[in-house]
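In what follows, a single structure is set out as structure tokens and then discussed.
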Ligand SMILES: [Zn+2]
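In our numbering, the protein residues as written are 2 to 122.
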């Protein structure tokens with residue numbers, strides 16, 4: 002038995018295709034400081050207090066590569082062709098390739114059969 006797959010490409014649900022996400026430190030910082038009234042020094046101290054300062058005494062980058070899509074912005078997956086057709090609202094025949102062959106033969110045989118039967122009779 003042969004199973005066919007189609008490639009399924011979806012926009013990354015984590016970064017919505019932006020390829021980057023906000024660093025968790027900055028997300029936490031902005032969540033806890035919604036009013037944005039901290040001075041640079043106070044902000045820096047907040048990052049020190051929460052252990053987000055690197056060994057080089059630098060703030061973490063505000064945005065980092067999205068880990069869910071590895072910075073591609075898309076998530077690639079493989080879906081069974083039968084399931085994919087159903088999701089697209091198409092009802093595939095269970096006899097897939099066999100069905101196609103028989104319908105193709107019948108299409109070809111109709112004119113040929115009618116002329117052959119007329120010729121024989
Ligand atoms: Zn992503």
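Idealized CB from N, CA, C, for every residue including glycine.
Check whether residue i and residue j have beta carbons under 9 Å apart
i	j	result
residue 75	residue 7	no
residue 10	residue 78	yes
residue 26	residue 61	yes
residue 44	residue 34	yes
residue 48	residue 30	yes
Identity of the residues DSSP links to residue i by a beta bridge
i	result
residue 76	11
residue 64	23
residue 6	81
Reduced DSSP secondary structure (H/G/I, E/B, other) of residue i
i	result
residue 40	coil
residue 53	coil
residue 86	helix
residue 29	helix
residue 112	Residue confidence for residue 112 is low, a pLDDT of 45 falling below 50, so the modelled location carries little weight and cannot support an answer.
Same chain only: Cβ atoms within 7 Å of residue i, ignoring 5 sequence neighbours per side
i	result
residue 65	21, 22 and 24
residue 123	Residue 123 lies beyond the residue range present for the chain, which begins at 2 and ends at 122; the question has no answer from this structure.
residue 67	13, 15, 16, 20, 21 and 22
Close Cβ partners of residue i (< 8 Å) along its chain, the five nearest in sequence each way excluded
i	result
residue 92	86
residue 56	none
If you measure from each CB to the nearest heavy atom of ligand 1 and keep those under 5 Å, what residues do you get, in chain order?
13, 15, 16, 67, 69 and 70
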